[in-house]
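2 protein chains.
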Amino acid sequence: MEAKASGPPKGTRAPNRIVIDDVTPCVAGGAYAVKRVVGEPVRVAATVFADGHDEVAVVLSHQPPGARAWVDLPMASVNPGLDRWEAMFTPMERGVHRFRVLGWIDHFASWQHLVRRKIDAGVEVGSDLLTGAALLEAAAADTTKREAAPLLEAATALRAGDLLVVTDPGSPTRPSAAALFRSRLRKADAAAGPVIEVLVERERALFSTWYELFPRSWSPEPGRPGTLRDVADRLDYVADLGFDVLYLPPIHPIGEAFRKGRNNAEQAGPADPGSPWAIGAEAGGHTAVHPDLGTLDDLRHLVKRAADNGIELALDLALQCSPDHPWVTEHPEWFRHRPDGTIQYAENPPKKYQDIYPLDFESVAWRTLWETLLDVVRFWLDQGVTIFRVDNPHTKPFAFWAWLIGEVRATHPGTIFLAEAFTRPAVMQRLGQVGFTQSYTYFAWRQSAQELTEYFTELTTPPSVDQFRPNAWPNTPDILTFQLQGAPREQFAIRLLLAATLSASYGIYGPVFELCENQGTDNGKEEYLDSEKYEVHRWDLGDPASLRELVATVNAIRYGQLALHTNRTLRFHHSENDQLLCFSKTAHDGADPDPSVPARNPVLVVVNLDPVWNQGGTLELDADALGVDPVRPYEVHDLLTDDRYTWTGVRPFVELRPPLAPGHVFRVSQPPAS
Amino acid sequence: MEAKASGPPKGTRAPNRIVIDDVTPCVAGGAYAVKRVVGEPVRVAATVFADGHDEVAVVLSHQPPGARAWVDLPMASVNPGLDRWEAMFTPMERGVHRFRVLGWIDHFASWQHLVRRKIDAGVEVGSDLLTGAALLEAAAADTTKREAAPLLEAATALRAGDLLVVTDPGSPTRPSAAALFRSRLRKADAAAGPVIEVLVERERALFSTWYELFPRSWSPEPGRPGTLRDVADRLDYVADLGFDVLYLPPIHPIGEAFRKGRNNAEQAGPADPGSPWAIGAEAGGHTAVHPDLGTLDDLRHLVKRAADNGIELALDLALQCSPDHPWVTEHPEWFRHRPDGTIQYAENPPKKYQDIYPLDFESVAWRTLWETLLDVVRFWLDQGVTIFRVDNPHTKPFAFWAWLIGEVRATHPGTIFLAEAFTRPAVMQRLGQVGFTQSYTYFAWRQSAQELTEYFTELTTPPSVDQFRPNAWPNTPDILTFQLQGAPREQFAIRLLLAATLSASYGIYGPVFELCENQGTDNGKEEYLDSEKYEVHRWDLGDPASLRELVATVNAIRYGQLALHTNRTLRFHHSENDQLLCFSKTAHDGADPDPSVPARNPVLVVVNLDPVWNQGGTLELDADALGVDPVRPYEVHDLLTDDRYTWTGVRPFVELRPPLAPGHVFRVSQPPAS
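From first to last, the protein sequence lines stand for chains A and B. Residue numbering for the first sequence follows this note's numbering, starting at 939 and increasing by one per position. Residue numbering for the second sequence follows this note's numbering, starting at 939 and increasing by one per position.
Encoded structure:
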């Protein structure tokens, strides 16, 4: 305490009187960048105050990437009792923006405030006008000739008894004088909060629609596994469903040693293809394409065809090796060793994963390992890959990811990294902080209205919303929840609608999802029976029971409604029936920083969480969140069914019948009051 | 972002894998010290985790004042899902303690965990024992001979197949090996959180009982004003009431220019003594004693007599001047000037306070002013004064207080500063952060059960409880709330009991308080009619309607019950009747850092907030907070009335009758289960 309190203050001026506290948004105390996409507003708030009764001026100063100058915006006092100030800017450029809050004692404003009160009270102010003139003249003496002129003009007006400088906000002398006076004071005596970085990325970092498939199951003809060319030939299916990211499990050669068989059997049969995550064989490792899938040329062909369809390709980044991986012999120093000299395989007693060798990120040779892994990513970037779904990032050091993602961003700023970490909240949030663009979530296990409300409220409010972008998946090759095991088609429709509307980014692992594949293993785990991870399948994409039309419709609605491109505006509305989950989102278009402008383009979603029974009930809508005046009629247009209703008030009754629709997705509109 | 993420990691070791976040307690991000008194525990919590599945070891390292070594305590994982760890230390020495949280990957514990699971699952571990032995041998090679011996002993045991090192917590080899292995690892590879300072003060910084009086009203004979000697002669009254701090308004010469008359009249009459806060006259300024009150000798006499009665003297530090203050002529540069050259008086349009000249803390001569003000404080310290009640500290710069209090603490660490700031929460909290020992509160205006519950919950939880020590006053010379204006005696009793039990420090301005003086001005303000600020009074201390006996009883209870010496353990209990406010406190004795030890010496308070009507109702007690087993009977002993009751369960019925008692103050006890 003493050390900080004492040290007789230095400098000829008295120490600064301004306190700037609790600046938001801020990630991990400023250690990492706040996340935004282009056009997504940054609403900055800070607690700013000084001793005494002087007026305080507060400015938000921000700097686009590469700029040297700072742009200044006045901050508004939004809660004087709590000394809270706010302002907003909307970054329209990718890269690292910076902002900070500045504050200073505004002696001229304090003088104006005092003199206004005296004038209002009928007190004589002749002497005060001279004080004000002297303030202006001192400022003029301290600034450029050009800036000094209006200050001196105002001072002259004051000395002549012109009260307009004080009383008339439209006075030609007043605002310029005040503004210039501020600019002088700021140079001399502004307190500054910390510089906070905002990493602004392209829109797909926030809003993206993912489809995962195993290429080897996409063969058009029986008897041979599918290839990357086969996938390229069926991209119309993925595009018609409205997906913009196609994610493939690892496409590399698969090890043969200790290969797992069907249903994760210890011993593979001779025809079993093995798990794509057992990476590396004689044909190569992390930079090779499995010969059965095709060649690097085929991969580049697929990237190009995908791009033609508005789809980006996402590869899997699984940083582990099969015993047959070339690195095992070329770089044994990158692995842990057992006392007998063999390499340590993964284990989770009593289970042994002898087909997987973890890499040792702490080995003495860590630096060459890290650099090689960065080279792997660069290799695929060079093939046109722009997105990586990272397998189990939480089992590699945070510092590694911070470094790798930072290096990639420096040369390829549009690259998207999706963290596949299903672990404790602090670990998942940290991965977001150190740089992952998007993250898998607990969505699959949040099923009741209360669970969904609590979880998505957490994800869409600070600190999470500024550092962790959710990507909601109802299923993955590793996850078929108990809720979906044996579940009817309607349950799949519900989960689809929830994922697609609660989260700006979502994905499905198909075609098992749209085909409502619901057979779980019988071993008490939330896993698929006869999983594609261990065998080749063939799918009937034209199955009349497929949800593909619903998927296409929902994805089309997502594209059309800006409200569904963001998470930040999510609001839950009360429903008397807890089987009806009701929430809304509104669009940020970034065009209008004025917070008094009503919410725009609202979408109101009502989901029937019951896959079997009709559910009805009265909602209680938050009219402010929807931006409607509840006294006047407003229209709700169900984008799923094209039905339109006119509502008045905030308590509509809704009823949903599972076979017909999993929910309503209403576009809400109200003509302006006449 | 890039700048932080990249920078190819340096050093030969891979970067540290541990994250240490959200360390508490922490004040203003670590910019200021956490507040404690001797014997008051510091419960440290932190979020600590790493990637992967390795075991993490977490240590709380703390350092008493002046020590060079750090004391290490293991932290316990109190919420593994949230990665939250806790440990506690109890500083028993005054001064600045320091603490920090350390964490590291505990490879040996990870190995133990893995091997234990294998043994449990019946898996062969022969090879693992060799791995463990190698870990220990590597550690031994890296440490001193003395530390190496038990490591090598354990390694030998492992190589011989001795599983006890893993399975038996009581094995002679196991714990020492683990402990030493940790100590080796920490030296090499511990991550460290920030160093956080804890300013540990004497108990009276937290627990104190104040009495304010105007000496000039304490004359034993009519016709002359009271003196410091008169006060010294009546200290028995203050001591009998159980106060340990006697606070006097400014004792300095009072200016004559623009002196205010009775009831703050613009013009004083010839006999009006003036406000003590209009400091400075021909007889001197801030280091002089008003001739009518006596001499410096008399002040020293009063200090000594007070000390004989267990009472400390608190002087008022009001940093402002009357126009007659010597500084006005000696140091005109310390004041602001008007255009006509005169000194700027205080004003609050349309009011002018021409009797008060504020000091200009930003004048060009600020440094000599600050140093002179520090000299003023040192002057009174030299007279034996140990406590200062600071008038309006929020109208002087925070940096000034941080500096002045820091300088005083360096030489007089026991000095207590009470901040008299009634302003916005951020400003009041900041004054606590920069060093004020105690602070006035909004208590006088928190009157309903809900208001009191919300406000004292805020004051007794972080961040406030670590930086801001409340001192609750039901009245001051400036404040007679509307609630007390015209109020019956019972209302004064209620406010006394609330202040004395909700807050470890409280005070009253007497004898008007215990005499239940309730006449307010008639001008819509919460002020006393015929205030002592402007005139001399005489008081009948023996008035039979005085609350002095209740005051003495309540203060005696406060001294006897350690639970009432702290704020940190305050818990509110539900009451079905919102006129009955129910809360409890328990003692920290600092002796037992084990959180599983039940709460000690609980005191349960029930206050009837209604001064007129009987109020009864059922409470719903939090048995955990009281540390009682509600299934067995427990005794509640009302320390106000000496009544005893035996209760079982958590829903007792209570009834309070205003003329008899403002509330219950129960000592709760329960014999141990047989």
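Note that CB positions come from ideal geometry on N, CA and C, so glycine has one too. Source: prediction; values computed, not measured.
Coil, strand or helix - residue i by DSSP
i               : result
M1013 (chain A) : coil
N1202 (chain B) : helix
Q1429 (chain B) : helix
N1539 (chain B) : strand
D1576 (chain A) : strand
G1065 (chain A) : With the sequence shown as reference, residue 1065 (chain A) is identified as Ser, and Gly is not the correct amino acid for it. Correct three-state label for S1065 (chain A): helix.
G1180 (chain B) : coil
F1521 (chain A) : strand
A1087 (chain A) : helix
P953 (chain B)  : coil
W1339 (chain B) : helix
P1331 (chain B) : helix
L1251 (chain B) : strand
D1100 (chain A) : coil
V1241 (chain A) : helix
For residue i, the nearest candidate out of the options (CA to CA)
i               : options                            : result
F987 (chain A)  : A:A1128, A:P1211, A:L1186, A:L1436 : A:A1128
G1019 (chain B) : A:A1364, A:R1055, A:E1024, A:D1246 : A:A1364
P1188 (chain A) : A:L1179, A:N1201, A:E1091, A:P1153 : A:P1153
T1395 (chain B) : B:F1360, B:Q1553, B:G1199, B:L1508 : B:L1508
A1087 (chain A) : A:E1075, A:L1422, A:L1096, A:Q1553 : A:E1075
V1606 (chain B) : B:G1004, B:R1347, B:L1598, B:D1567 : B:D1567
H1263 (chain A) : A:T1233, A:H1239, A:H1224, A:F1299 : A:H1224
E1141 (chain B) : B:P1426, B:G1462, B:F1451, B:P1351 : B:P1351
I1281 (chain A) : A:P1003, A:Q1205, A:P1287, A:E1271 : A:E1271
Sequence-distant residues of its chain with Cβ nearer than 6 Å to residue i (five each side left out)
i               : result
A932 (chain B)  : Nothing about residue 932 (chain B) can be reported from this structure: the residues present for chain B run from 939 to 1612 only.
V996 (chain A)  : V986, M1013, W1023, G1041
P1531 (chain B) : For P1531 (chain B), the predicted model reports a pLDDT of 46, less than 50, meaning its position is unreliable and no value from the coordinates is stated.
P1533 (chain B) : Because P1533 (chain B) sits at a pLDDT of 48, beneath the cut-off of 50, its placement in the model cannot be relied upon, and the point is left open.
Whole-angstrom C-beta distance between residue j and residue i, which should lie under 8 Å
i               : j               : result
V1169 (chain B) : T1147 (chain B) : Actually they are not in contact, since the Cβ atoms of V1169 (chain B) and T1147 (chain B) sit about 17 Å apart, beyond 8 Å.
I1043 (chain B) : D992 (chain B)  : 5 Å
L1547 (chain A) : A1387 (chain A) : 6 Å
R1407 (chain B) : Q1371 (chain B) : That pair is no contact at about 12 Å.
9 Å Cβ cutoff, residue i in contact with chain B
i               : result
V976 (chain A)  : no
P1335 (chain A) : yes
V1061 (chain A) : yes
T950 (chain A)  : yes
R1142 (chain A) : no
G967 (chain A)  : yes
CB contact check: residue i to chain A, cutoff 9 Å
i               : result
K1056 (chain B) : yes
H1332 (chain B) : yes
V982 (chain B)  : no
E1285 (chain B) : yes
W1304 (chain B) : yes
F1338 (chain B) : yes
L1297 (chain B) : no
Residues near residue i in its chain [Cβ-Cβ closer than 7 Å; skip 5 each side]
i               : result
I1417 (chain B) : A1382, E1464
L1257 (chain B) : L1297, L1311, K1334
R1054 (chain B) : V1104, T1105
V1138 (chain A) : R974, V975, V976, P1029, E1031, R1032, G1033, H1035
T1524 (chain A) : A1501, T1507, A1537, R1538, N1539, P1540, G1565
Residue i CB to nearest heavy atom of the ligand MG below 8 Å
i               : result
A1382 (chain A) : As far as ligands go, the structure on display features none, and thus does not contain the ligand MG.
Sequence-distant residues of the same chain with beta carbon closer than 8 Å to residue i, five excluded per side
i               : result
R1570 (chain B) : T1586, Q1608, A1611
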